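S.K.: If you scroll down you'll find the structure; I have some questions about it.
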Amino acid sequence: MTTITVGDTVRANYNSGKYIGEVMEDRGKRFLIKVLAVEKHPMQGDLHNPGQVDGVFFHERKALAHYEKMNVVKSAVHPFEGEVPDYNQSLHEAIDNQKQKLALKDSEFNQKALEWIKGLEEKYYTKSYYK
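Numbering (the numbering used here), first residue to last: 1155 to 1285.
Right under this line is the structure:
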């Protein structure tokens, strides 16, 4: 088992997304991590009722912002090897990957999730892509 310490670059799963970040603090059972890049965009919809759109609250989930901090349980944190990608580029790629995955299957859930992802792009992300 690899020991992770303050200052290490890590990969962390957080609220259905996956991020690359820097460990800022060891908080016992959790690490405080500063977001440096997005590896997987969070899923849209109700995580407790995946794939459903009727009778559930369909959540909009944005990716965490550049340098935003997350308090992550240690079991969801793993060492990251390699060069940390640019945040804006990584966000753009994560969104594209999510859209491609959703487009593979024509379902009511995927259509709605794709619609929400496109809404996030228009409202929040387009500015980030072109900084």
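Ideal placement from N, C-alpha and C gives every residue a C-beta, glycine not left out.
This structure is a prediction, so every number in the text was calculated from the model and none was measured.
1) From Ile1304 to Asn1242, what distance separates their C-alpha atoms?
2) Could you tell me how far apart the beta carbons of Val1226 and Arg1184 are, in whole angstroms, since I believe they sit closer than 8 Å?
3) In chain order, what are the residue ranges of uninterrupted beta strand (DSSP E) at least 3 long that sit wholly in the segment 1217–1278?
4) State the start and end residues of the unbroken beta strand (DSSP E) segment that holds Glu1176.
5) Could you tell me the distance, in whole angstroms, from the CA atom of Leu1288 to the CA atom of Thr1159?
M.R.: According to the structure data:
1) Beyond the ends of the chain as shown, which are 1155 and 1285, falls residue 1304; an answer cannot be given.
2) The residue labelled residue 1226 in the question sits at position 72 within the sequence shown. The residue labelled residue 1184 in the question sits at position 30 within the sequence shown. About 6 Å separates the two Cβ atoms, so the contact holds.
3) If one requires a minimum length of 3 residues, the beta strand (DSSP E) runs lying completely within the segment 1217–1278 are 1223–1227 and 1231–1233, in chain order.
4) The residue labelled residue 1176 in the question sits at position 22 within the sequence shown. First-last of the beta strand (DSSP E) with Glu1176: Gly1171 to Asp1180.
5) Since the displayed the chain opens at 1155 and closes at 1285, residue 1288 lies outside it and no answer follows.
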